[in-house]
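The structure appears right after this line, and notes come after that.
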């Protein structure tokens, strides 16, 4: 083995210092736990938070985006010390990418579906804004908050649009979307459990608070 390889091997196996653990707890582990809890809530409610404008999710994030950019080196260091956590984070991001692809596919097919076009044209919604109706269908929204522009329309006609999820011409896309969501949900739950256990383990072992009360956690 070369000296560099031996040094790298020793560094990976070395016990982290208290300062390192304190930084991980505050800048990496607490933000991860917070963001994953939001994801878990979204998945439990069945609303993916897919947005037609960005073609992405608002409240489901790749692991890197859960940690402030300035603290990303701390995340990478933690994952070097804990490759078991690294496997779970990689699985999380792969599953998220699969869910994103499934949501985009369902959304695109919906916009070109004949039944959707007929339903949308029967409303007062402009052709440009019909994409929001497709977004609601992808997210499976049965109720919209009062601040949504099309809340009244959706209260009246949303059920008809949601029935399109079972249309034979769209069935395979929405079955794939639900399957991808189920897989991603498993990944989120596994990672959240692992992060919670690691938070408890490190805090107790190093006699540190799980979350430093003097630091604000930003997601």
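Residue numbers (the working numbering): 12 to 230. Idealized CB from N, CA, C, for every residue including glycine.
Annotation: the stretch 89-161 contains the following complete segments of the alpha helix (DSSP H) (minimum length 4 residues), in chain order: 94-122, 125-132, 141-150. For secondary structure counted as the alpha helix (DSSP H) over 4 or more consecutive residues, the stretch 165-225 holds these complete runs in sequence order: 182-216.
Boundaries of the alpha helix (DSSP H) around residue 30: 29-35. Between residue 63 and residue 146, the C-beta spacing is below 8 Å. Beta-carbon to beta-carbon, residue 54 and residue 196 are separated by about 4 Å, close enough to satisfy the 8 Å threshold. Annotation for residue 26: no alpha helix (DSSP H) segment contains it, and DSSP assigns it neither H nor E. Here the alpha carbon of residue 138 sits roughly 16 Å from the alpha carbon of residue 148. For residue 40, there is no enclosing alpha helix (DSSP H), since its DSSP letter is neither H nor E. The alpha-carbon of residue 225 is positioned some 17 Å away from that of residue 82.
As the crow flies, the alpha-carbon of residue 170 is around 37 Å from that of residue 101.
Between residue 73 and residue 95 the beta-carbon gap is near 19 Å, outside 8 Å, which marks them as no contact. For residue 59, the closest C-alpha among the options 113, 97, 174, 88 is that of 113. Within 10 angstroms of the beta-carbon of residue 129 lie fewer than 16 other beta-carbons, which makes it exposed. Inter-residue distance for residue 140 and residue 124 is about 16 Å (C-alpha atoms, whole angstroms).
Ranked by how close their Cα comes to the Cα of residue 178, the residues 86, 144, 120, 194 have 120 in first place.
In this structure, residue 153 places its C-beta atom within 8 Å of the C-beta atom of residue 173.
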